[in-house]
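Trainee: Below you'll find the structure I mean.
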Amino acid sequence: MELKHDAMSVDVGVRLRELREARNISMRGLATKSGLSANALSMIERGKTSPSVSTLYKLADALGVPITEFFGPPVEKVNAILVKADERTRVPFARGVWEGLGGEKFEGRVEPFVLTLESGAASGPHMMIHSGHEFVFCLRGQLEYLVEKNVYQLEAGDSLLFAAQLNHRWRNPGNTVTNALIVLSGYSEGEQPHAMHWKKGE
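Each residue of the sequence shown is one higher than the one before, starting from 3 at the first, in the numbering used here.
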């Protein structure tokens, strides 16, 4: 399945600086709260490096915002939204792209998105955990999910559903690009599952 990539890309570094400054948090303060080094944060803000997905989760948690805040400024939530293929917001990360499918603008408790992963791309070295459920559908290529101590190998057409309070992470173990549809749902009202990710075993 080919995906369009002419949607608006978000500059994660610029957005991170906006979110940090809006909350009057210094670079050193955010480094302390997130467990990341000030040098790493500086590199991200200056666009010298792309953060991994687990790093984005840690930054969202440290800032007290859902990860969808990296898609751009908050917008009014609606109960029905059509997202055209060329209107998706895109958040690039290390060796991949996260494309929003409307969850950042929807008032319900569901957050769908598409991941495009280069060969070897991964969520990062740290496990993730959040409320609700996670549904994964591999559209193209190969996708490996580690959930607690279980390893699940997905290929095109395969799906995985699990309780998201279990430690998990993912990677593309194949030699080709992977596309996957991921849907987060079932979390408690008022919770933001992305913001509840954190690094384990620091």
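Every residue, glycine too, gets a C-beta built ideally from N, C-alpha and C.
Locate the alpha helix (DSSP H) running through Asn26, then write down its first and last residues.
Mentor: Neither: Asn26 is in no alpha helix (DSSP H) and is coded neither H nor E.
Trainee: On the three-pair Cβ rule with 8 angstroms, is the stretch 88 to 98 touching the stretch 131 to 146?
Mentor: With a cut-off of 8 angstroms, the stretch 131 to 146 and the stretch 88 to 98 do not count as touching, because too few Cβ pairs lie within range.
Trainee: Taking the straight line between their C-alpha atoms, what separation do you get for Tyr154 and Glu146?
Mentor: Their Cα atoms are separated by approximately 6 angstroms.
Trainee: Work out the CA separation of Gly110 and Val80 for me, nearest whole Å.
Mentor: Spanning the two alpha carbons is a distance of roughly 8 angstroms.
Trainee: What do you get for Ala87, buried or exposed, if any count of 16 or more other CB atoms within 10 angstroms of its CB means buried?
Mentor: Label assigned to Ala87: exposed.
Trainee: Would Ala158 and Leu183 qualify as a contact pair, given that the criterion is a beta-carbon distance under 8 angstroms?
Mentor: It is not a contact, given that the beta carbons lie outside the stated cut-off.
Trainee: One question on the structure: do Val116 and Asn181 come within less than 8 angstroms of each other, judged by their Cβ atoms?
Mentor: The answer is yes: Cβ separation under 8 angstroms.
Trainee: Less than 8 angstroms between the C-beta atoms of Pro114 and Val185, yes or no?
Mentor: Yes; because the gap between Cβ atoms is below 8 angstroms, this pair is in contact.
Trainee: With a threshold of 6 angstroms on Cβ separation, who are the neighbours of Met29 within its own chain once the five nearest residues in sequence on each side are excluded?
Mentor: Ala40, Leu43.
Trainee: Taking only three categories from DSSP, how would you classify Gly98?
Mentor: If DSSP states are grouped into helix, strand and coil, Gly98 belongs with the strands.
Trainee: Could you tell me which residues DSSP puts in a beta bridge with Val67?
Mentor: Answer by DSSP bridge pairing: none, since Val67 is not bridged.
Trainee: Which residue from Lys151, Gln144, Ser121, Gly122 puts its Cα closest to that of Met129?
Mentor: Checked all of Lys151, Gln144, Ser121, Gly122; the closest Cα to Met129 is Lys151.
Trainee: Measure the beta-carbon distance from Gly24 to Ser54 and round it to whole angstroms, keeping in mind my assumption that it falls under 8 angstroms.
Mentor: Here residue 24 turns out to be Ala, not Gly, going by the sequence shown. Going by Cβ atoms, the distance from Ala24 to Ser54 rounds to 24 angstroms, so no, they are not a contact pair.
Trainee: Check this for me: beta carbons of Leu18 and Ile46, under 8 angstroms apart or not?
Mentor: Cβ distance < 8 angstroms, so Leu18 and Ile46 count as in contact.
Trainee: Identify the continuous beta strand (DSSP E) that holds Ile46 and give its terminal residues.
Mentor: No beta strand (DSSP E) holds Ile46; the alpha helix (DSSP H) holding it covers 40 to 47.
Trainee: Taking all protein chains shown into account, do 16 or more other C-beta atoms lie within 10 angstroms of the C-beta of Gly66, making it buried, or fewer, making it exposed?
Mentor: By the 10 Å Cβ count, Gly66 comes out exposed.
Trainee: Measuring only the C-alpha atoms, how far is Val149 from Gly104?
Mentor: Answer to the nearest angstrom: the Cα atoms are 26 angstroms apart.
Trainee: Whole angstroms are fine: how far does the CA of Glu106 sit from the CA of Ala82?
Mentor: Their backbone Cα atoms lie some 12 angstroms apart in a straight line.
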